Every structure is written in C-alpha cells, then in structure tokens.
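K.L.:
Here it is: the structure, laid out below.
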Amino acid sequence: MSAPVDTPPPSKTHLLSTLLSTIEERIIPLTQQGVSSGSKLFGAAILSRTTLHPYTTATNNERISPLLHGEINCIQQFFTADFPDPTTRPDPARDCIFLATHEPCSLCLSGIAWSGFSEVYFLFSYEESRDLFAIPHDIEILREVFTVRSGLGEGQGGRAPLYNRRNKFFHARSLDDVAGAMEEGDDDERRKWVVEIDRVKGLYGALSDVYQQGKMAGAESSSIWK
Ligand SMILES: [Zn+2]
Numbered sequence: 001m002s003a004p005v006d007t008p009p010p011s012k013t014h015l016l017s018t019l020l021s022t023i024e025e026r027i028i029p030l031t032q033q034g035v036s037s038g039s040k041l042f043g044a045a046i047l048s049r050t051t052l053h054p055y056t057t058a059t060n061n062e063r064i065s066p067l068l069h070g071e072i073n074c075i076q077q078f079f080t081a082d083f084p085d086p087t088t089r090p091d092p093a094r095d096c097i098f099l100a101t102h103e104p105c106s107l108c109l110s111g112i113a114w115s116g117f118s119e120v121y122f123l124f125s126y127e128e129s130r131d132l133f134a135i136p137h138d139i140e141i142l143r144e145v146f147t148v149r150s151g152l153g154e155g156q157g158g159r160a161p162l163y164n165r166r167n168k169f170f171h172a173r174s175l176d177d178v179a180g181a182m183e184e185g186d187d188d189e190r191r192k193w194v195v196e197i198d199r200v201k202g203l204y205g206a207l208s209d210v211y212q213q214g215k216m217a218g219a220e221s222s223s224i225w226k
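Sequential numbering from 1 applies to the sequence shown in the UniProt record's numbering.
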C-alpha cells in the first residue's frame with residue numbers, strides 16, 4: 001500500500017480545541033499588553049495545517065500605526081522575522097491555517113488574499129465586533145468605501161454577506177460554523193463546543209473593558225477610528 005500523498009487534515013474537534021487554546025494561551029496574553037497601551041484587542045495566529053503548531057502569533061499595534069492590525073502584524077512577522085528565508089518558509093496556501101480573533105476587516109481580508117493564506121478561521125463575527133466591542137468600522141468601511149449594498153451585515157442567516165467568505169483566494173469560517181457543521185447525530189459534541197467557544201469569547205469581556213476605558217481616558221493611539 002502506498003503512503004498517502006498528503007497528511008489528512010486534523011479532525012474538527014482537534015482543530016477547534018487547538019484554535020481556542022491558541023487564542024486563550026498565546027493571543028490573549030499578548031492582547032492584555034496591547035489594550036493597556038491603547039491598541040485594539042484584535043489578534044491573529046498562523047499555524048501549521050498538519051500539526052496545528054503555531055508558527056506566528058501577533059496582536060494589534062495601532063499605537064505605532066493605524067495599519068498594524070493584528071492580522072497584518074502577524075503576516076509581516078511571519079514573512080520577515082519568523083521565516084525570512086523563502087526556501088524554508090511554510091507555503092501559506094498549502095501548509096498554513098490563518099486564525100483571527102475577530103472577522104478580518106477589508107484591509108486584513110486583502111492582506112490575507114495578497115499573502116496567499118487559503119484557510120481562515122475567526123472567533124467573533126463583524127456583528128459581534130460592533131455590538132459587543134463598540135467597533136463598527138469593519139462593516140462601515142465595507143459599506144462606505146466599497147459600496148457593498150447587498151449585505152446587511154447581519155451574519156450569514158439567509159441574508160447576503162458583506163463579502164464572499166468562500167472565494168478564489170480563501171475560505172473563511174467562524175469557529176461557531178465549524179462547531180455547527182459537526183456530523184449529524186453528534187449533538188452532545190456540538191453543544192460541548194458551543195459552550196467552550198462561548199467561554200473563550202467571555203474572556204474578551206475584561207479586555208474590552210480595559211480598551212474602552214483607555215479610549216474614554218484618551219489613551220495614546222495613532223488610529224483615528226477607535
Ligand atoms: Zn483589519
């Protein structure tokens with residue numbers, strides 16, 4: 001019997017548990033430092049598609065520049081600091097998974113497309129960024145700059161989305177969608193993951209409070225859109 005050409009993808013439960021622990025154990029500690037100095041609470045990681053080992057983890061650094069969103073920071077760090085040699089760099093499309101704590105904005109969606117990452121996951125949706133974190137800019141930029149009129153920005157529940165989550169460049173999925181897509185008859189497993197996703201989402205409440213308090217107190221940030 002010949003060996004398989006490609007290593008099989010990780011199971012949904014292995015994927016969910018690793019993405020959630022990457023957020024909790026690696027991204028959130030970095031985010032705690034960022035929000036206390038005036039940066040937003042968005043973070044990202046790039047992981048091995050086969051082992052799910054995180055190659056790069058980063059958070060927003062708007063204190064330095066309004067373009068240093070968590071995802072952009074992560075991509076920059078992956079290409080320049082962690083894998084400067086293109087001959088040893090994991091291939092973004094073939095070897096990597098991209099994780100964002102919040103559904104990537106239009107800048108970051110383009111950054112992900114331009115750098116070739118094809119498999120994207122996120123924890124919070126645009127609507128949650130707006131409603132839970134008082135950060136409505138993702139939705140507003142898509143509507144105001146790109147004249148996206150078909151989408152109401154209210155999720156995928158029967159209404160047109162603000163961008164194509166599955167497109168030529170990448171396929172973006174929320175962790176809620178991954179849990180929801182577990183096999184029929186796996187209700188207990190699905191419920192368990194919904195609870196676990198909510199628990200990790202809950203960890204962001206305290207981070208958001210620190211960011212919002214800093215915003216009110218005029219914390220230093222180079223970003224106009226807070
Ligand atoms: Zn962004």
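By construction, the Cβ of each residue, glycine as well, lies at the ideal position given by its N, Cα and C atoms. Quantities reported herein were computed from a predicted structural model and do not represent experimental measurements.
Give me the Cα-Cα distance between P66 and F146, rounded to the nearest whole angstrom.
P.N.:
Here residue 66 corresponds to residue number 66 of the sequence shown, with the count starting at 1. Here residue 146 corresponds to residue number 146 of the sequence shown, with the count starting at 1. Using only the alpha carbons, I get a separation of about 19 Å.
K.L.:
I need the residues with a C-beta less than 6 Å from some heavy atom of ligand 1; please give them in chain order.
P.N.:
This criterion selects H69, E71, P104, C105, L107, C108.
K.L.:
Quick one, which of D138, W193, S106, T88 has its alpha-carbon nearest V178's?
P.N.:
Position 178 of the sequence shown, counted from the first residue, corresponds to residue 178. Of the candidates D138, W193, S106, T88, the one whose C-alpha sits nearest the C-alpha of V178 is W193.
K.L.:
Can you give me the Cβ contacts of G116 inside the same chain, cut-off strictly under 6 Å, excluding the 5 residues immediately before and after it?
P.N.:
Position 116 of the sequence shown, counted from the first residue, corresponds to residue 116. Excluding positions up to five away in sequence, the list reads P92, A93.
K.L.:
Could you name each continuous beta strand (DSSP E) segment of 3 residues or more that falls completely within the region 50–129, going from the start of the chain to the end?
P.N.:
List check, beta strand (DSSP E) in window: 54–59, 96–102, 119–124.
K.L.:
Please classify I141: does DSSP put it in a helix, a strand, or coil?
P.N.:
For the purposes of this step, residue 141 is taken as residue 141 along the sequence shown, with counting starting at 1. Helix, per DSSP.
K.L.:
Could you compute how far the alpha carbon of L109 sits from the alpha carbon of R143?
P.N.:
Counted from its first residue, the sequence shown places residue 109 at position 109. Counted from its first residue, the sequence shown places residue 143 at position 143. Each residue's Cα considered, the two are about 15 Å apart.
K.L.:
Starting from G43 and walking both ways along the beta strand (DSSP E), at which residues does that stretch end?
P.N.:
Against the sequence shown, residue 43 aligns to sequence position 43. Note, G43: beta strand (DSSP E), 43–48.
K.L.:
Which residues share a DSSP beta bridge with R166?
P.N.:
In the sequence shown, the residue the question calls residue 166 occupies position 166. Its beta-bridge partners are H171.
K.L.:
Measuring straight from C-alpha to C-alpha, what distance separates L99 and A206?
P.N.:
Taking the first residue of the sequence shown as 1, we reach residue 99 at position 99. Taking the first residue of the sequence shown as 1, we reach residue 206 at position 206. Computed Cα separation, rounded: 21 Å.
K.L.:
Does T22 come out as helix, strand or coil in the three-state DSSP assignment?
P.N.:
Position 22 of the sequence shown, counted from the first residue, corresponds to residue 22. Helix at T22.
K.L.:
Does the beta-carbon of E24 have 16 or more other beta-carbons within 10 angstroms, so that it is buried, or is it exposed?
P.N.:
Here the question's residue 24 lines up with position 24 in the sequence shown. It counts as exposed.
K.L.:
If you drop the 5 nearest sequence neighbours on each side, which residues of the same chain put their C-beta closer than 7 Å to that of M1?
P.N.:
Locating residue 1 in the sequence shown gives position 1, where the first residue counts as 1. For M1, the pLDDT reaches just 40, beneath the cut-off of 50, and the residue's location in the model is therefore unreliable, although a value from the coordinates is still provided. For M1, where only same-chain residues beyond five positions count, there are no Cβ hits under 7 Å.
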